[in-house]
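A.B. asks: I have a structure I would like to understand better, so I am pasting it below and will then ask my questions one at a time.
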Amino acid sequence: AKIKHITFRDPRNVDTEKLKTLITPRTKLLVLNSPQRPNGQLVENFAEIAEVLLDYPHVTIASDEIFSGMVYSPYTHRSLSCLPELRDRTVVIDTFSKSYVMTGLRIGWVTAPEPLAEKYNILLQNSCTNVSTVIQEAALAALQAPASYHENRMAHLTRKRDLVYSILAGCDSLRTDPAQGSFYLFCKLPGGIDDREAVRRFLRRGVAVVPGSAFGPSGAGHIRLTFTLEDEMLAEGTTRLVAEVESWKV
Numbered sequence: 295a296k297i298k299h300i301t302f303r304d305p306r307n308v309d310t311e312k313l314k315t316l317i318t319p320r321t322k323l324l325v326l327n328s329p330q331r332p333n334g335q336l337v338e339n340f341a342e343i344a345e346v347l348l349d350y351p352h353v354t355i356a357s358d359e360i361f362s363g364m365v366y367s368p369y370t371h372r373s374l375s376c377l378p379e380l381r382d383r384t385v386v387i388d389t390f391s392k393s394y395v396m397t398g399l400r401i402g403w404v405t406a407p408e409p410l411a412e413k414y415n416i417l418l419q420n421s422c423t424n425v426s427t428v429i430q431e432a433a434l435a436a437l438q439a440p441a442s443y444h445e446n447r448m449a450h451l452t453r454k455r456d457l458v459y460s461i462l463a464g465c466d467s468l469r470t471d472p473a474q475g476s477f478y479l480f481c482k483l484p485g486g487i488d489d490r491e492a493v494r495r496f497l498r499r500g501v502a503v504v505p506g507s508a509f510g511p512s513g514a515g516h517i518r519l520t521f522t523l524e525d526e527m528l529a530e531g532t533t534r535l536v537a538e539v540e541s542w543k544v
């Protein structure tokens with residue numbers, strides 16, 4: 295298959311005019327990710343996207359929603375699968391790894407129209423066969439967790455997000471928006487700095503981040519931060535990162 299990258303007008307709105315030019319009679323699948331990786335932003339213009347897709351009924355939609363349970367107040371998660379006119383050709387992909395902090399247990403789920411679901415079952419049976427019973431029991435326990443679990447987890451992550459963002463906001467050479475979902479911040483580096491070279495410089499200060507170019511061509515010149523460490527380590531690491539960026543001004 296040939297992959298075509300969709301561009302955005304801004305971090306939260308797909309360029310629907312550009313999207314129209316990318317879809318052809320041979321197009322099979324549109325993959326949409328919200329909350330987004332790596333920038334932690336929610337897609338906003340679902341109505342515009344849906345209007346475009348209605349003109350192309352041959353295109354199946356894969357909606358990657360693995361951070362759907364990790365959206366910060368006052369925002370809410372939305373999905374193309376909630377639109378009746380697109381529901382019969384939208385595949386939703388989700389996992390326990392993020393919202394339930396079950397990374398490593400490798401269990402998730404797909405919701406799809408019945409004809410597609412039957413094909414996925416055949417694929418599953420001939421690839422991984424099944425998921426361990428122990429992991430399935432753990433997933434069941436996670437689904438039965440009280441609402442307070444999610445509330446406490448989001449309060450915990452909100453504090454961490456705000457801590458890191460407050461330190462980054464003091465550096466005028468780094469630009470980022472607070473995450474609306476996920477546990478990532480995506481920072482734009484000063485002009486002229488290669489993101490992979492920047493990552494090497496940060497490593498020399500003991501700070502590990504991911505180069506934005508690892509996520510596609512539009513990520514070049516950015517870095518992705520994850521704010522899941524203990525508060526003291528987050529503050530120290532972010533302070534070191536800012537100090538390194540400030541040193542480039544000399």
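In the working numbering, each residue carries its 1-based index in the sequence shown increased by 294.
Note that CB positions come from ideal geometry on N, CA and C, so glycine has one too.
#1: Nearest chain D C-beta to T321 closer than 7 Å, yes or no?
#2: Is there contact here, the segment 329-336 with the segment 473-482, by at least three beta-carbon pairs under 8 Å?
#3: Would you mind reading off the limits of the alpha helix (DSSP H) that contains V346?
#4: If you reduce the DSSP assignment to three classes, tell me which class G506 lands in.
#5: Using only CA atoms, which one of L399, P440, L380 and D382 lies nearest to T389?
#6: Going by the beta-carbon positions, is the gap between I517 and V503 smaller than 7 Å?
#7: Could you tell me the distance, in whole angstroms, from the CA atom of V539 to the CA atom of D489?
#8: Taking L468 as the reference, which of F340, S541, A508 and T318 has the closest Cα?
#9: Just to confirm the assignment, what range does the alpha helix (DSSP H) spanning I387 have?
#10: Could you work out which residue in Q419, R383 and I429 is closest to G402 when comparing CA atoms only?
#11: Return the Cβ separation of V353 and T321 in integer angstroms, given the expectation that the two are a contact with Cβ distance under 8 Å.
#12: Given a cut-off of 7 Å, decide if T384 and S357 are closer than it, judged by their beta-carbon atoms.
#13: When DSSP labels each residue in this structure, what does G402 get in the three-state scheme?
#14: Could you please give the first and the last residue of the uninterrupted beta strand (DSSP E) stretch that includes D304?
#15: So for C376, helix, strand or coil by DSSP?
#16: Using 8 Å as the Cβ pair cut-off and three pairs as the minimum, do the segment 403-421 and the segment 440-451 touch?
#17: Tell me the rounded alpha-carbon separation between G363 and D456.
#18: Looking at the strands, I want to know which residues DSSP matches up with S357.
#19: With a Cβ-Cβ cutoff of 7 Å, do R534 and R499 count as a contact?
C.D. replies: This is what the structure gives:
#1: In summary, chain D is missing from the structure at hand, where a single protein chain is found.
#2: yes
#3: Along the sequence shown, one-based indexing puts residue 346 at 52. That run of the alpha helix (DSSP H) goes F340 to L347.
#4: For the purposes of this step, residue 506 is taken as the residue at position 212 of the sequence shown. Looking at G506 - three-state DSSP - the assignment turns out to be helix.
#5: Residue numbering aside, residue 389 sits at position 95 when the sequence shown is read from its first letter. For T389, the nearest C-alpha among the options comes from L399.
#6: The sequence position of residue 517 within the sequence shown is 223, counting from 1. The sequence position of residue 503 within the sequence shown is 209, counting from 1. Judged by their CB atoms, I517 and V503 are nearer to each other than the 7 Å cut-off.
#7: Taking the sequence shown and counting its residues from 1, the one referred to as residue 539 is at position 245. Taking the sequence shown and counting its residues from 1, the one referred to as residue 489 is at position 195. For the pair V539 and D489, the Cα-to-Cα distance works out to about 12 Å.
#8: In the sequence shown, residue 468 corresponds to position 174, counting from 1. The shortest Cα separation from L468 among F340, S541, A508 and T318 belongs to S541.
#9: Sequence index remark: in the sequence shown, residue 387 carries index 93 (1-based). Careful: I387 lies outside any alpha helix (DSSP H), inside the beta strand (DSSP E) at T384 to T389.
#10: Taking the sequence shown and counting its residues from 1, the one referred to as residue 402 is at position 108. G402 has its Cα closest to that of I429, out of Q419, R383 and I429.
#11: Within the sequence shown, residue 353 is the residue found at index 59, counting from 1. Within the sequence shown, residue 321 is the residue found at index 27, counting from 1. Going by Cβ atoms, the distance from V353 to T321 rounds to 5 Å, so yes, they are a contact pair.
#12: Here residue 357 refers to the residue found at position 63 when the sequence shown is read from its first residue. Here residue 384 refers to the residue found at position 90 when the sequence shown is read from its first residue. Yes, the pair counts as a contact, with Cβ atoms nearer than the cut-off.
#13: Within the sequence shown, the letter at position 108 stands for residue 402. It is a strand residue.
#14: Indexing the sequence shown from 1 puts residue 304 at position 10. Taken as a continuous stretch (DSSP letters only), the beta strand (DSSP E) holding D304 covers F302 to D304.
#15: To locate residue 376, count along the sequence shown from 1; it is residue 82. In the structure shown, C376 sits in a helix (DSSP, three-state: H, G or I).
#16: no
#17: Residue 363 sits at position 69 when you count from the first residue of the sequence shown. Residue 456 sits at position 162 when you count from the first residue of the sequence shown. Those two C-alpha atoms are separated by around 19 Å.
#18: For the purposes of this step, residue 357 is identified with residue 63 of the sequence shown, where counting begins at 1. Note: S357 sits in a beta bridge opposite L326 and V386.
#19: Your numbering for residue 534 matches position 240 in the sequence shown. Your numbering for residue 499 matches position 205 in the sequence shown. Their beta carbons are under 7 Å apart, which means R534 touches R499 by this criterion.
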